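Each residue of the sequence shown is one higher than the one before, starting from 61 at the first, in the working numbering.
By construction, the Cβ of each residue, glycine as well, lies at the ideal position given by its N, Cα and C atoms.
Remember, it's a predicted structure, so these values are computed and weren't measured experimentally.
Note sheet for the following structure.
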Amino acid sequence: MNIKELNLIGFGKFENKSLKLEDGINIIYGENESGKTTVHSFIDGMFYGFLRPYLKTTRYTDEQDKYQPWSSKRYAGIIIFSHDGTLYRIEREFNKDNASTKVLLDNTGEDITHTIDTGERGRVLQPGFHFFGFNNVVYSNTVSIKQLCTKTDDKLSDELRDKLINVSTSLNEEISIDNALKELANKLKNIGSLKAPTSIYCKINDELINLTKEKEEILALKDNYDNLLDESERFNNELQLLEKKLDDERLLLRKVEYKEKKNTYTEAFKLNEELNKLRIELDNLEEYKDYNQVDYDTCVSIENDIKVIESKLEDTNNKIIELEESLSKSSVINLEKENKNIEDIKKDYLAFETFEEDKNKLLYGQDSSTVEFLKRDLDSTKAGKNKYIYGIIALAIIYIVFMFFTIVNQYTVLLPQLLIPVFILMVKKIKDVDTIVNRIEGQIKESTIADENRKKKISQIEEEQNIILKKYELGSKIEFRSLYENSQRENYKFQQELENKKGLKDRLNIENNKKNLLLHEKEDLHSKLNELLLKYDSSNILEIQSGLNNKRKYDELQIEFKNKKEIINKVLGEYTFERLEVELNSNKEYDSDEIGIEEISSKLSIKNRIDELIEIISQNKLDKKGIDEKINLINPKISKLVEIKEDIERCKEKLIEFDSKKEAIELAKSTIEELSKDIHNQFAPEINKKVGNIINKITNGKYSGVRIDNNLNIGVIDPKIGEIVNISNLSGGTIDQLYFSLRFGIINSMSGDNLPLILDDCFIQYDNNRLKNILNLLRDISKTRQVILFSCHNREMEILNDLNIDFNLITLS
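Here it is as structure tokens:
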């Protein structure tokens, strides 16, 4: 078996506390008052409730009230565990008024409570009987191991010897065979015998002897009276008997009628008193008759909704606080100041770039070599003009020469004429060149003026740029660009901060709106709850719940009242209380006589017998007197004899009862003595072996075994010298180790199932070496069974870590 989960819904200081356990070693750690004992008791309570053992009626231990929840309304819990490969869960309500226990298959939720065999049938289910195989006393002596007690060494040894003697003879360390035998001896002494004159047995025997003597004397007297009756009967026995019988029958009839009426009156009166009590109870509960279960359920639902909303409000408030803290930490205010500088830098940088573009346009928009080109063109054009001039001069010279030769030789007149068109063309070319020269010179002048204007504008632009650079104490455009890029990065950060702040504000608005909605919803729920509470004039739901209980009681009383009223009417029949009282008062002489049910039921037969006797007696009236006298003499003697016989039978039965008790007590004594010997003979060798193996491991071979002799003396074997050392000579720590070994040996002997081992501060008296040894043993044990160790010290965890032993730590705060 392995325990998987503990869910303390409402138990002591815990509310909705869940603990997850694992296979192997589990340490539940906590300081004093942290709740370790509460969790341990929770496990016990889930399996066995808090019932006193060995009682037929349901009686609770003190723990039932001790662990009432501090704050939770429910006193309940859930435990989940595996057993034989199946996962189970136990759900238990501990409150006495609504106590309930369910066992379910955890995987499917199937309720198997009706299949659980608890060993003892009672109102409170104890699943521990089914899953462990024994009751809570054996459980607390085996599965659950606690500290031995804090005592001196000699007292520890005496306590351990007493516990081991009890276990070896009764399988329970709290049950003493010696005490049981002493108790039986005291019971025998209380009954006594014939040899003890003052005992109750001897006194009853003397009373029997005296009653027997008196009976014999009366029987002797009765013989004389019988002879008288025989003689009287021979004369008028029949008439006397008939007369007596007639009187008896008449008297019986009157008694029967009286008893019948008295029974009717008594029964009706009793019912009427009950009816009046019911009427009073109904009047007291009438104010609750209009209570409604639906309203109560609505109140519970509203209260649960309020709790949910309060939880949401708490979360929302926490978020609002976080958002407000984040907003308060934002540096946007400082960045807003810096942003103004950034905007100025950006504006000036753009102006600087605009100036730069204008300057570049002025510098590169017009070719700086235009004037030079124009001058070269001018020079080239003038040079061309000179060529034409030189050509005209040459033509003039040629013309003069030709004219000279013409004048000299008249046949050459035609050639000079041919030079005139060329001359005219040359003159025209010179004019064209002059025109071009004038145009080029105009262009040169215009370009010179434009260049001067451009240089002036460039100078103005550079002055404006220098003003901007001086504004920021910069020496160059490169530095200004670096400043601008840095400012843009700061501007980006500023925008990011703005967006973050906006996001925080938006989220804060959302959370505030959510909070307002929740507050409004909570207010509405409180309003609805107060309306329902006001309807029943109650201050809380518990008062409504109490009122509902009274309402259910009122309805039940209404039904009971109606049934009682119908029964009274049936009982009275044709009579009334007043008529019955009159008739009973007139016949009070019959009040002390006892009449049986059979006689009441044969009322008609009695009347018939009376009629018959009257007819017979009328014929034998003369003999009536003698018969009556005989009968009157005999009756007192017979009555006393019957009383004595009853007393004799009473004494005989009492003596027989005492003899039976004495035989039973003697049988019980001999049986207990034989059984205790058999248990010891069977149990001690197995315990010797198993406890010896364990004590050998945890003492590192210092003690190699345990011996329990026929006189139940306990000792441990010292392997060095081979001697058996009496436990009175051992230290407190060694006795504590022996105690643990004994308890673990018992659980291994009693159960084949690998049940959990629950240890509650068992190792307080152990030094570090002993603790290391016992933890090594627990590692071996944890391979086959789950170990749950409660501790308020760190030693166990430190040693387990040093030994590289895995464990599951659960810390209680």
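- Under the three-pair Cβ rule at 8 Å, the stretch 528–545 does not count as touching the stretch 327–346.
- Distance from the CA atom of ILE755 to the CA atom of GLN825, rounded to whole angstroms, is 16 Å.
- The C-alpha of ILE380 is placed about 9 Å away from the C-alpha of ILE570.
- For the stretch 93–153, the full-length beta strand (DSSP E) segments reaching 3 residues or more read 136–143, 146–153 along the chain.
- Listed as beta-bridge partners of GLU75 by DSSP are GLY70.
- Non-local beta-carbon contacts of LEU640 in its own chain, meaning distances under 7 Å to residues more than five positions away in sequence, involve LYS321, THR324, TYR325 in chain order.
- ILE176 is a Cβ neighbour of LEU185, given a cutoff of 8 Å.
- Between LEU578 and GLY70, the alpha-carbon positions lie close to 28 Å from each other.
- The C-alpha of LYS133 lies about 10 Å from the C-alpha of ASN155.
- Under DSSP, VAL785 forms a beta bridge with VAL776.
- Beta-bridge partners assigned by DSSP to PHE850: ILE88, ASP820.
- A contact is defined here as three or more CB-CB pairs under 8 Å, and the stretch 408–428 fails this definition with respect to the stretch 586–597.
- With a contact defined as Cβ atoms closer than 8 Å, GLY84 and SER842 qualify at about 4 Å.
- Taking one beta carbon from each stretch, the stretch 367–375 and the stretch 632–648 have fewer than 3 pairs nearer than 8 Å; the two do not touch.
- In the three-state reduction of the DSSP assignment, SER547 falls in the helix class, which pools H, G and I.
- Take the alpha-carbon of GLU672 and the one of TYR318: they are about 23 Å apart.
- For HIS143 and ASP166, the gap between their C-alpha atoms comes out near 12 Å.
- Separation of ARG314 and CYS262 (C-alpha to C-alpha, rounded to the nearest whole angstrom) is 48 Å.
- Counting C-beta atoms within 10 angstroms of its own C-beta, SER547 has 16 or more neighbours from the protein chains shown and is therefore classed as buried.
- If one requires a minimum length of 4 residues, the alpha helix (DSSP H) runs lying completely within the stretch 576–660 are 601–632, 637–645, in chain order.
- Judged by beta-carbon spacing, THR871 lies beyond the 8 Å limit of GLY137, meaning their Cβ atoms are not closer than that value.
- For SER160, the enclosing beta strand (DSSP E) stretches over residues 160–165.
- Distances from the alpha-carbon of ASN560 to those of ARG710, GLU327, LYS389 put LYS389 closest.
- ASN551 has its alpha-carbon roughly 24 Å from the corresponding atom of LEU383.
- Here DSSP, grouped into helix, strand and coil, assigns ASP437 to helix.
- One thing to note: LYS757 has its Cβ no nearer than 8 Å to the Cβ of ASN864.
- The C-alpha of LEU342 is placed about 7 Å away from the C-alpha of GLN618.
- Inclusion of ILE150 and GLU65 in the CB contact set at 8 Å is not warranted, their separation being larger than that value.
- In the three-state scheme derived from DSSP, where H, G and I count as helix and E and B as strand, GLU65 is classed as strand.
- Check the Cα spacing between SER200 and each of MET857, LEU817, LEU68, ASN836: the tightest is with LEU817.
- A direct Cα-Cα distance of roughly 20 Å separates LYS489 from GLY502.
- Close CB contacts of THR272 within its chain, under the 8 Å cut and outside five residues either way in sequence, are with ILE708 (chain order).
- Listed as beta-bridge partners of LEU423 by DSSP are no residues whatsoever.
- Between ILE725 and LEU244, the CB-CB gap stays under 8 Å.
- Annotation for LEU831: the continuous alpha helix (DSSP H) segment containing it runs 828–841.
- Within 10 angstroms of the beta-carbon of GLY761 lie fewer than 16 other beta-carbons, which makes it exposed.
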